[in-house]
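Since the structure comes first, as structure tokens, the remarks are kept for the end.
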Amino acid sequence: MAHPLTEVSTDAVPARDRLHLWGDAVWRLIGGLESDAFGDDAFAGHITSGQAGYVNLCQLDVSRHRVVRTPSLIRGSDRAYIKVVAQLEGRACFEQNGRQVWLSPGEWSVYDTTRAYAVSNPEAVRQMVLMIPKEQLPERKLKLDDLMVQRFSGTSGVSRLAWDTMRAAFAELPTMSDAAADGVADVITHLVQLSLLERNGQQSLLSQREALRDRISQYIDRHLGDPDLTIDRMAQALNCSKRHLYNAVADDEETLAAMIQRRRLEACLRDLRHPAHAQRSVTDIALSWGFSNSAHFSRAFRSHVGRSPSEYRARALAPVVLLRDESRLAH
Numbered sequence: 001m002a003h004p005l006t007e008v009s010t011d012a013v014p015a016r017d018r019l020h021l022w023g024d025a026v027w028r029l030i031g032g033l034e035s036d037a038f039g040d041d042a043f044a045g046h047i048t049s050g051q052a053g054y055v056n057l058c059q060l061d062v063s064r065h066r067v068v069r070t071p072s073l074i075r076g077s078d079r080a081y082i083k084v085v086a087q088l089e090g091r092a093c094f095e096q097n098g099r100q101v102w103l104s105p106g107e108w109s110v111y112d113t114t115r116a117y118a119v120s121n122p123e124a125v126r127q128m129v130l131m132i133p134k135e136q137l138p139e140r141k142l143k144l145d146d147l148m149v150q151r152f153s154g155t156s157g158v159s160r161l162a163w164d165t166m167r168a169a170f171a172e173l174p175t176m177s178d179a180a181a182d183g184v185a186d187v188i189t190h191l192v193q194l195s196l197l198e199r200n201g202q203q204s205l206l207s208q209r210e211a212l213r214d215r216i217s218q219y220i221d222r223h224l225g226d227p228d229l230t231i232d233r234m235a236q237a238l239n240c241s242k243r244h245l246y247n248a249v250a251d252d253e254e255t256l257a258a259m260i261q262r263r264r265l266e267a268c269l270r271d272l273r274h275p276a277h278a279q280r281s282v283t284d285i286a287l288s289w290g291f292s293n294s295a296h297f298s299r300a301f302r303s304h305v306g307r308s309p310s311e312y313r314a315r316a317l318a319p320v321v322l323l324r325d326e327s328r329l330a331h
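Using the working numbering, read the sequence shown as starting at 1 and increasing by one per residue.
Written as structure tokens, this is what we have:
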């Protein structure tokens, strides 16, 4: 299906209400921020927002203003994001963790929504802001704190590929299918990650094969409940050959098919032992995690756990019986 864009413009309200409307739109679409216009009476802004898979994309056309994310706003948030801002027009200053960077058109930077930050736009700007869930950038390969609020060029290297892809994704988003949007989210995240790694001089620590393995793992987790999750579809979604997929996990102790089945079984185990799912049938739980039929699920489950799904659930949900110490009661 198509991915419509959400648009908010201050042109729709009287001048006295524009900053309030803008602050509300920024709060909803980009995440809890306090906004002001440097005390100016005149203010105008237009924001367009859309969603590509797990990545939120926004474009802002706005007169001079500034935004602040305070510790109290952070405490009220329920999810951590890495924000990517691409400067299209005007200049802006970003501050976080004692670091400061000025961006000019053609440059981009990243910052962390779990830390306080401030953005000052002393002139009218056009910016693109992307929000990537922080868990999509594995920190076991990358020290994110050291890479926040740095300047990346949109004219050369991997950071140029990231720049071009971000802009193209926003332009084409309204016509993308769900599958295409999911794939674009992966590509953007991967290019941002590679740009950060290149800046940090860690290319050798995260080879292309390791990066692909991370993408494979993330793709499997997102599509675990899809019974049509196959190696062919994964290769198509990640824009690589099946051979590259197999090579990426060649050093692992399990094949891709075994990895998918194990994660599905682990998800079923969680649901079977959780009281909130006690009224659901075993078959319903199995089908919800991508198993195509109950017979195959039962065989795989018994092989993995050593007992049937029903036996496992009965033991897991059985009430705890406290045994009395008769010797102590006798005294």
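Glycine included, every Cβ here is placed at the ideal spot set by N, Cα and C.
Taking contact to mean at least 3 C-beta pairs separated by less than 8 angstroms, is the stretch 53-64 in contact with the stretch 98-118? Because the criterion of three Cβ pairs below 8 angstroms is not met, the stretch 53-64 and the stretch 98-118 do not touch.
Proximity below 8 angstroms, CB of ILE82 to CB of CYS58: No, they are not a contact pair.
Cα-Cα separation, VAL68 to CYS93: Using only the alpha carbons, I get a separation of about 12 angstroms.
Contiguous alpha helix (DSSP H) assignments of at least 4 residues, all confined to the stretch 32-96: Scanning the stretch 32-96 for uninterrupted alpha helix (DSSP H) segments of 4 residues or longer gives 71-75, listed from N- to C-terminal end.
CB contact flag (SER159, PHE170, <8 angstroms): Their beta carbons are not under 8 angstroms apart, which means SER159 does not touch PHE170 by this criterion.
Which stretch, first to last residue, makes up the alpha helix (DSSP H) that contains GLU198? Under the DSSP assignment, GLU198 falls in the alpha helix (DSSP H) whose first and last residues are 178-200.
Quick one: any contact between the stretch 233-245 and the stretch 271-279, if contact means 3 or more CB pairs under 8 angstroms? Three or more beta-carbon pairs separated by less than 8 angstroms are not found between the stretch 233-245 and the stretch 271-279, which leaves the two stretches without contact.
Span of the alpha helix (DSSP H) holding THR165? It spans 157-172 - the alpha helix (DSSP H) in which THR165 sits, taken as one unbroken run.
Report all residues from its chain with a CB closer than 8 angstroms to the CB of VAL249; omit the five preceding and five following residues, and keep chain order. Hits under 8 angstroms: ARG213, ILE216, THR255, LEU256 and MET259.
For VAL13, which of HIS46, THR6 and SER35 has the nearest alpha-carbon? Closest option to VAL13, Cα to Cα, is HIS46.
Between the Cα of ASP40 and the Cα atoms of GLU123, ASN97, LEU73 and THR6, which residue gives the shortest distance? Answer by Cα proximity: GLU123.
For ALA211 and ALA15, what's the separation of their Cα atoms in angstroms? About 49 angstroms.
If THR189 sits next to GLN136, beta carbons under 8 angstroms apart, how far is it from one beta carbon to the other, in whole angstroms? Between GLN136 and THR189 the Cβ distance is about 5 angstroms, and since that is below 8 angstroms, they are a contact.
Roughly how many whole angstroms lie between the Cα atoms of GLN203 and LEU144? Since pLDDT at GLN203 reaches only 45, below the 50 mark, its modelled position is unreliable, and the value read off the structure follows with that caveat. Linking GLN203 to LEU144 through their CA atoms gives a straight-line distance of about 15 angstroms.
Is the Cβ of TRP163 closer than 8 angstroms to any Cβ of chain D? The question asks about chain D, but that chain is absent: this structure has only one protein chain.
Is the CB-CB distance between THR70 and ALA42 below 8 angstroms? For THR70 and ALA42, no; Cβs fall outside 8 angstroms.
Please go through the same chain and pick out, in chain order, the residues whose beta-carbon is closer than 6 angstroms to the beta-carbon of LEU21, but skip the five residues on each side of it. Result list for LEU21: THR10 and VAL13, in chain order.
With DSSP collapsed to three states, give me the class of VAL101. When DSSP states are grouped into helix, strand and coil, VAL101 belongs to the strand group.
Burial state of PHE301, where buried means 16 or more other Cβ atoms lie within 10 Å: Buried: at least 16 other Cβ atoms inside 10 Å.
How far does the beta strand (DSSP E) with MET128 in it extend, from its first residue to its last? Unbroken beta strand (DSSP E) run through MET128: 125-133.
Looking at the unbroken alpha helix (DSSP H) that takes in ASP214, where does it start and where does it end? From DSSP, the alpha helix (DSSP H) with ASP214 extends over 208-222.
Whose C-alpha, out of GLY306, SER63, VAL8 and ALA180, is nearest the C-alpha of PHE38? Closest by C-alpha distance to PHE38, out of GLY306, SER63, VAL8 and ALA180, is SER63.
For the alpha helix (DSSP H) containing GLU7, list its first residue and its last residue. No alpha helix (DSSP H) holds GLU7; the beta strand (DSSP E) holding it covers 6-9.
Through-space distance from GLN96 to GLY32, alpha-carbon basis: Roughly 16 angstroms between the two C-alpha positions.
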